[in-house]
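Chains as they are written, first to last, in this note's numbering: chain A, 35 to 126; chain W, 1080 to 1284; chain X, 23 to 431; chain P, 13 to 936.
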């Protein structure tokens, strides 16, 4: 069971969190100008790397804030945890 | 001025009549009915807490902590988000407690929402209280880590709760959504079974 | 004291396959020697006469999800498109032992899918009716009927997960997953297919928009056509071409108990509480859990998932309280946005994909092997594969097999 | 103590395991091969046991446990088994417990290395948890005669226990097995708390406890398991692991045999021969596969008149009539009479937990075993686990690992002095990596005793073309039995290496999977059973519903009244009565479970405009509006009403099951996409309770209860909200309707919900109703229920709600997806009404719609849609259903067949709003 560092509450067990998939996939500024393929990209296409992955988590049982985590999808090591709206730190 | 006697007579908390047993020398569970509870949220992108603090008359706590002023307790819930736990309101009952209006009128981008009836307030106390909590709570409760004045919003068994260590008995005050209250009490009493039996002078109350 | 003797299971063949060294080029390279890759190779050879084929496997043959699933075989899917491919598979399962001339222990003991709420009942009946009209055997059972089939199920009404009924597919069942893979491997090998283990594919060779082979840890191998059947790893391979697949890989756990005297002779599934259980041929309870909630290739899962699942299991089957978890393990399921597979051609000539099977991969093995081989051989989607094209994500014609949201006013 | 085995009473002594009691009683044949039926007996004294499993009949019962792991108690009753367990039918009444634990340093294993590690870490002030699976600390020391720090081992162990207990931050837990080592230093352990107490166990005490441990640092001092050697007829009762034989002799005081042959491949086997001789067993022969053996041991044996035959093996065994060992055949051609053959092929370091943690192992030639290599987590290994042999080194490694762990946990450490050790023989000759004595009788050379798998099976697997150890194990089934492959895993790899000429390193091991020892399902469930299995959420009025005979429906975790039958009334009758009351009189419902969210801030209107398909920012204060929310894919996810209470205060309602999901939905957009919006959300679902008052006479009732409120059509128009006292209780009242009738939702703080409910009920002939009647009433008006009439593939347009999808707003979540090719088709599945052509037959929910007269016996039959909701409509006087139908909006009037379980009912497609389509009734 992962120990996920919430930027506000500190490390907590993974059962307190919900997962939000790949981070840094913004809602298009004006969806009406996005073609079908790119819109499908926003809706459905996410990276699936074997390795470091920036992903979203929400501390559901705690402060209920969304944040981003950089985690290795094979070793499950976590190298960073940072608030939404900030860019991915240069780690790993 | 005292609370409206007519209303007090018909008021029923989520645990009224539902918490019959659960007290012994090593651990006790009790219902703390009738508190005035307010969820307070300020805009997180600006410091909106100053005006609230002057309206309250005491400072709001930092992350993972509580602050108090006499019978008033403030518990950190999240960034810019607190639970206020105050004595029962006096005066005639209105749709929302006077404290809510006072906070709303304090200015700043904030919301104050009454949740007095939305939570059950429990106290779990005694030397075995940390052990009872540890049966269903993954937070580290060791005094080095979770001392007096600390609070946490987390899962206790299958209920989301907020709890704070309020004295060194130790006593934990636990806030749980009303609709989960009976479940949580049943769980706490089950988790405390061994400890309740440790004490031959066990009483109900 | 006298003890009961247990009869032995049938023996596997004396010879399965011989390892091959990779040749410089093949007509078709299949990436991934799981059940799908092996079945595809077999049907390429058998149905289409294409035998200059290599199946490349990163680890050991059928060591991925083929080795890690709970072996449930059924075809009672909701939508026509899904019923089409899975029922095609089930019909092939029914003749598989004769076709492959080897034992795969396919046991048509039926699959129950329990309903615990009024919403489950509604969805269950909807599915049974759709199945019947699609020619898929299906029945709706009352709680009493359910208990006749699985007497150890608790059908009392005052429990947390009451059984309000169940769908039942009598032709469904289980098989021995290793034997299935080996049966296909043996038959494919006998027809000339090269099976190459320990040969990881690291990239794709291309000339313009045409794929002409693969790069491997043992060097490049050229091919007329390249077919990806490597589950979530497929998206890692296509990423090198700039081709994105809408896949996410998640851990999925399963477990077995100690060997027990027979208590359950059907398969019981409960989607609502994520319990999937059968009692395997040797006597162990085989159970699947829910999918872990985050992307991972760790082939291990999170412990609370197991705790939660066992709690639900003994509410349904009180007799399981004293059974023991002997071994747990994790597979990695590649899940698409609509929980349906992605099969067919790609924007690259000579490159074919078959992925996104989620938890449905094992049961589809013969069907998808057949359909994928046909797609590769004819360079056009087999009719049963057509609805599962990658293009559906852009036009919105999804095949949503998530089942209905379980909420109501 | 008396114990009962297969109905026969035996004596047992305190400290006995079931196995030692059986051995002392002379019971040798205790099981048989699962397939071969060959007699089998004890092969070990511990977790290596792969033959003797029993069903425990006394106490809480167990289907299948190793005899070597059961502590004997007075009244213990067991049944011996042959390969399969038996699940008892009686319910398991025992209590099972879980606890979470946090520690700076977790030490796994209470043997000499673990004790030293715990002391070193503990003395630094670190929080230390020492977990040991045995009843007594000491591990393999308990069967040793060494002198440590001048003390006999038992005394030294006691002194260590005292020193640890004096440290306030050190916790020692015995009878507890760490079974899983997961990510981020999370470990799981199983504590057996009452099994050894028998009938003295207090009923209130949890039988087993599951420890969920989060450790800063982990010291693994898990020791090693003894490995056997395979040879012809190696499965006879009397053939036992050598150090298990000495453990029986020295720890349990029962002689494992009278005349022994010792067979080994390392100095440890010779040490066992010495111990057996000193315990009074006649050692008839010592065979060692090596050419060179440790001089100390050879000398010690020589002093006892025993010579070591080097380069010697066992070529077979002979049995008596019961199948019990009577003689050993040696490679020198001798037949040595013996009733004990003590075998030791070497030590398998117990790397299971290390391997589970992600750590890699390697084959150590020096140790002739797989030992830990690189750790993947903050893990420190010590003692026999690392391949260490001498006690002195084990102790110093333990101290070192404990100190290193405490240092890594950030503490200042003074490493304790390593105790002195006397009386230990020096192991100096290298062990041999030797696994199997080849034999023509390969079907009697057992590699996995519990699976009855032999050298013959491995040969067949290799002959079939298999090379991977994973394939070979699967082909032979080696390692899949209840002993979890402990006795057979490395042995099989070794046999394969010997057969194929490949190295141990090249073949490697299969992956070790948790749990290390089996965990019962009941323990995994802990106290999440029965009424604690899952929280039941109840409203403040719940007890009243129970008292008034409500039948409940589960909606998510909520208990909601489904209907309120009167005595002897059927569900249909009750629902008809409840519906009639709502349509013709006045009825009431508890709607407190609906999700309620208070939104405050200047930008709430803007947020709602972006998340609902229709416009909210224009809503007037005091007014209420209905809205539908879609996901970005354009599919409906929720609906409900939102009221504007003040310029910057709004109250949103969601469906019961979606309350938490929608609050999270709002927060997700606010936090991650639009953090600049001034909006704050608070869940008030539990704060407020709502009584719905429905029916043409509901106004009269409300006027009576709220005399200060102007209830006139003009004074309190539809879709507005008011505040007033109801029955003297401050309330918020909304005029909304989910039935088409005049209706009011009276909302009060949940403290007063019961009082208001009772006051309303007492106001006269008001019929309480449940969710079924609510469903009928709404269906008659064509109001869909999200999750029942939708399934995640339905757009607002599909529901005939194009009117609620704003054309003016530049964007809202879901809008872009409506323009996709498939989503914009005009012939999508759309909501319609269907009524039976015969006017009587109620179609089943879930029925499929096919062409009228379609031949059902010739599948596939094309399906056009399906029935989502179906009821007897009191208002219409006929059954009525809602359905999703291909191009349904353009097919009103068409006749189709609704098919359920092969039975077709002709139905006509109608408008989904059959009742009061002009909405004249909502004002009463």
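Glycine is no exception: its CB is placed at the ideal position from the N, C-alpha and C atoms.
Fair warning: this is a prediction, and the values are worked out from it, not measured in the lab.
Task: Beta carbon proximity, residue 53 of chain A to chain P, threshold 7 Å - done: Chain P, which has no Cβ nearer than 7 Å to the Cβ of residue 53 of chain A, makes this no.
Task: Nearest neighbour of residue 377 of chain P, chosen from P:783, P:386, P:417 and P:441 [CA to CA] - done: P:441
- [ ] Answer with buried or exposed for residue 49 of chain A, where buried requires no fewer than 16 other C-beta atoms within 10 angstroms of its C-beta.
- [x] buried
TODO: Following the continuous alpha helix (DSSP H) through residue 135 of chain X, name the residue where it begins and the one where it ends.
DONE: That residue, residue 135 of chain X, is in no alpha helix (DSSP H); its beta strand (DSSP E) goes 133-137.
Task: Proximity test, Cβ basis, 7 Å: residue 122 of chain A and chain P - done: Chain P, which has no Cβ nearer than 7 Å to the Cβ of residue 122 of chain A, makes this no.
Open item on the list: Measuring only the C-alpha atoms, how far is residue 306 of chain X from residue 463 of chain P?
Closed with: 13 Å
TODO: For residue 110 of chain P, go through chain W and note every residue whose CB falls closer than 8 Å to its CB, in chain order.
DONE: Simply 1214 and 1215.
Task: chain A within 7 Å of residue 212 of chain X, Cβ atoms only - done: no
TODO: Compare the C-beta of residue 859 of chain P with all C-beta atoms of chain X and state if any pair is closer than 7 Å.
DONE: Yes, its Cβ sits closer than 7 Å to a Cβ of chain X.
TODO: Compare the C-beta of residue 228 of chain X with all C-beta atoms of chain A and state if any pair is closer than 7 Å.
DONE: no
TODO: Assess, as a yes-or-no matter, whether the region 321-328 of chain P is touched by the region 410-427 of chain P under the definition of 3 or more beta carbon pairs within less than 8 Å.
DONE: no
- [ ] Sort out for me which residues DSSP pairs residue 386 of chain P with in a bridge.
- [x] The partner list for residue 386 of chain P (beta bridge, DSSP) is empty, contrary to what the question assumes.
- [ ] Report the option in P:625, P:711 and P:420 whose CA atom is closest to the CA atom of residue 819 of chain P.
- [x] P:625
Open item on the list: List, from N- to C-terminal side, the beta strand (DSSP E) runs of 3 residues or more that fit wholly inside the region 777-824 of chain P.
Closed with: none
Task: Range of the contiguous alpha helix (DSSP H) that encloses residue 237 of chain P - done: Taken as a continuous stretch (DSSP letters only), residue 237 of chain P belongs to no alpha helix (DSSP H), being part of the beta strand (DSSP E) at 236-239.
Task: 6 Å Cβ shell around residue 274 of chain X - same chain, five flanking residues per side excluded - done: 313, 353 and 355
TODO: Show which residues of chain X have a CB atom less than 8 Å away from the CB atom of residue 110 of chain A.
DONE: 318 and 320
Open item on the list: Can you tell me whether residue 1118 of chain W is helix, strand or coil according to DSSP?
Closed with: strand
Task: Residues from the region 95-106 of chain A in contact with chain W, defined by Cβ distance under 9 Å - done: 95, 96, 97, 98 and 99
TODO: Under 7 Å Cβ to Cβ from residue 182 of chain X, same chain only, skipping five residues before and after it: list those, please.
DONE: 337
Open item on the list: Judging by CA-CA distance, which residue of P:633, P:49, P:688 and P:644 is the nearest neighbour of residue 663 of chain P?
Closed with: P:633
- [ ] Output yes or no for whether 7 Å exceeds the beta carbon distance between residue 1115 of chain W and residue 1191 of chain W.
- [x] no
Task: Three-state secondary structure (DSSP) of residue 632 of chain P - done: coil
Open item on the list: Does chain P have any CB closer than 7 Å to the CB of residue 37 of chain A?
Closed with: yes
Task: Runs of alpha helix (DSSP H) wholly within the region 504-543 of chain P (minimum 4 residues, chain order) - done: Correct list: 516-519 and 533-537.
Task: Sub-7 Å separation of residue 189 of chain P and residue 109 of chain P beta-carbons - done: no
Open item on the list: Please confirm whether residue 41 of chain A has its beta-carbon closer than 7 Å to some beta-carbon of chain P.
Closed with: So, not an interface residue.
- [ ] Drop a sphere of 10 angstroms on the beta-carbon of residue 204 of chain X, count the other beta-carbons inside from all chains shown, and report buried for 16 or more, exposed for fewer.
- [x] By the 10 Å Cβ count, residue 204 of chain X comes out buried.
Open item on the list: Would residue 621 of chain P pass as an interface residue toward chain A - the criterion being a Cβ-Cβ separation below 7 Å?
Closed with: no
Open item on the list: Please state whether the Cβ-Cβ distance between residue 1257 of chain W and residue 1215 of chain W is less than 7 Å.
Closed with: No, the pair does not count as a contact, with Cβ atoms beyond the cut-off.
Open item on the list: On the DSSP bridge list, what partners appear for residue 241 of chain X?
Closed with: X:238
TODO: Measuring only between beta-carbons, confirm whether residue 64 of chain A sits less than 7 Å from chain W.
DONE: At least 7 Å separates the CB of residue 64 of chain A from every CB of chain W.
Open item on the list: I'd like to know if residue 756 of chain P contacts chain W, where contact means its C-beta is closer than 7 Å to some C-beta of that chain.
Closed with: no
Task: Candidates P:894, P:20, P:290 and P:53: closest to residue 919 of chain P by CA position - done: If you compare the alpha carbons of P:894, P:20, P:290 and P:53 with that of residue 919 of chain P, the shortest gap goes to P:894.
- [ ] State the Cα-Cα distance for the pair residue 327 of chain X and residue 308 of chain X, rounded to the nearest angstrom.
- [x] 16 Å
Task: Within 7 Å, strictly: CB atoms of residue 880 of chain P and residue 574 of chain P - done: no
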